[in-house]
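These notes are about the structure you will find just below.
Printed below as a string of structure tokens:
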């Protein structure tokens, strides 16, 4: 059964139960009100009769039975002694005379009761006549036929109206359920048409309003935007990786083929093997970078972390880069004025600073300095690696962190993975990395990392 039919069924069932309960309550309230009104009339009638009692030959009798005002249609008025004997009456006793006499004999106080005589129901009211004790009892009896008839008519009306109301409600409920769930069907159709070959389609149709379903559809569309961006990035990543690996593979195959075509001297073989080794190292670097990025994408960097002092970490990176800096005639200057302690996961920060220093040394002119500075404030450590090279164009400062991206002025044989790896590791450490311009020209890369609680407490 569809959700639409289930909603309609539950709505109709709930409404039917509610209307049935309301109808039952209405009947009971109506009958109670009619019976209370009748009891009031019987009490008034009994008091009126009590005022007309007179002594008759040493006994009691009703006075004025012949008056038209005394006679009420469908009513029986009787005067009974304490034993239940009928002394006088306004009309012949009804069929339930014995029950009435018994009720009169047992009534030491004014009270009302309903009696059944065959198929007829009677309402009876007893009013004792006292004079230093109960002398007699006045009994006023009226049939409940008019009340029962009115209740039966009300039941008939309800039996006609309530099913009609339920039927109308069922149709209205189905229409409402259809209109309420129509956006869900539109979303289903849109999701069914969504495929890997066409990632531009979105789920939220223009017909959706700004309600819960509309907001859900827009949230799903935002998720699909991220999925499309991820798929597009994966496609570009795969293409770039294939392109970057194709060049060293082609070089290796060419050198190997040429070396095997004919006999060559030892120096020629040594040169060919050297080129093959260089290209293999380049491929190994690309593959290692891809593995680091894949681990970062999968959030599989080691969960364990240890506290490290950035001064020691940056000085170690500077020492590892000292040989390359010397070859290029560049000086590395580090400045960390106070202890800056952060959490390092899987020694990933070493690679971040190694990559940033490698990038800075690649563009720093001879005779200049690459400056590394670490400061702390507002719960964050701020590390800046700057050079005095050509700098980065404003439009390139975001793209330099994309995988395999190399700017127009790129130098060296790099694959364009160093800064992408640095960003992925910084992201895994809940930090931020950005590119800026140094005063006077040059590039500056700023890394922000959360300080450890131990340092914040210092």
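Numbering (the numbering used here), first residue to last: 36 to 493. Glycine included, C-beta positions come from ideal geometry on N, C-alpha and C. It should be emphasised that the depicted structure is a prediction, and the values quoted were computed from it without experimental measurement.
Starting from the C-beta of residue i, find all residues in its chain whose C-beta is less than 6 Å away, skip the five residues before and the five after it, and write them out in chain order.
i	result
residue 406	368 and 421
residue 290	307, 310 and 311
residue 106	Reliability of the predicted coordinates at residue 106 is poor, the pLDDT of 42 falling under 50, and no value is obtained from them.
residue 126	111
residue 80	175
residue 147	74 and 160
If we count the other Cβ atoms within 10 Å of its Cβ and call it buried at 16 or more, is residue i buried or exposed?
i	result
residue 180	exposed
residue 409	buried
residue 474	exposed
residue 487	buried
residue 413	exposed
residue 213	exposed
residue 149	exposed
residue 401	exposed
residue 287	buried
residue 37	exposed
residue 468	buried
residue 142	buried
residue 304	exposed
residue 250	exposed
residue 41	exposed
residue 274	exposed
residue 391	buried
residue 478	buried
residue 84	buried
Is DSSP giving residue i helix, strand or coil here?
i	result
residue 410	strand
residue 479	strand
residue 97	strand
residue 113	strand
residue 185	helix
residue 487	coil
residue 404	strand
residue 312	helix
residue 204	helix
residue 163	strand
residue 471	strand
residue 392	helix
residue 397	helix
residue 305	helix
residue 366	strand
residue 218	helix
What residue range is occupied by the uninterrupted alpha helix (DSSP H) comprising residue i?
i	result
residue 84	38 to 85
residue 462	453 to 463
residue 246	First-last for residue 246: undefined, no H or E at that position.
residue 134	132 to 140
residue 359	345 to 363
Among the residues of its own chain, which have a CB less than 7 Å from the CB of residue i, if the five just before and after it don't count?
i	result
residue 437	455
residue 396	356, 359, 360, 363, 365 and 405
residue 387	457, 460, 461 and 482
residue 205	43 and 47
residue 178	109, 155 and 157
residue 104	Its pLDDT being 41, under 50, residue 104 is placed unreliably by the model, and the measurement read from it follows with that caveat. Cβ neighbours of residue 104 beyond the five flanking positions: none.
residue 325	276
residue 137	119
residue 476	423 and 426
Based on the DSSP secondary-structure assignment, which residues constitute the bridge partners of residue i?
i	result
residue 196	DSSP, once it has assigned bridges, lists no residue as partnering residue 196.
residue 224	None; residue 224 has no bridge partner.
residue 380	340
residue 156	151
residue 431	Paired residue(s): none; residue 431 is not in a bridge.
residue 300	According to DSSP, which records beta bridges pairwise, residue 300 is partnered with nothing at all.
residue 121	115
residue 420	407 and 480
residue 178	157
residue 371	409
residue 172	115 and 163
residue 415	412 and 485
residue 146	161
residue 284	Residue 284 pairs with nothing; no bridge assigned.
residue 88	97
Suppose the cutoff is 8 Å on Cβ atoms and the five residues either side in sequence are ignored; what does the same chain contact list for residue i look like?
i	result
residue 344	374, 375 and 376
residue 118	140
residue 152	129, 130, 131 and 134
residue 389	352, 355 and 356
residue 370	406, 407, 408 and 409
residue 435	427, 442, 454 and 470
residue 285	none
Counting contacts by CB-CB distance shorter than 8 Å, is residue i in contact with chain D?
i	result
residue 436	The displayed structure is made up of one protein chain only, and chain D is not part of it.
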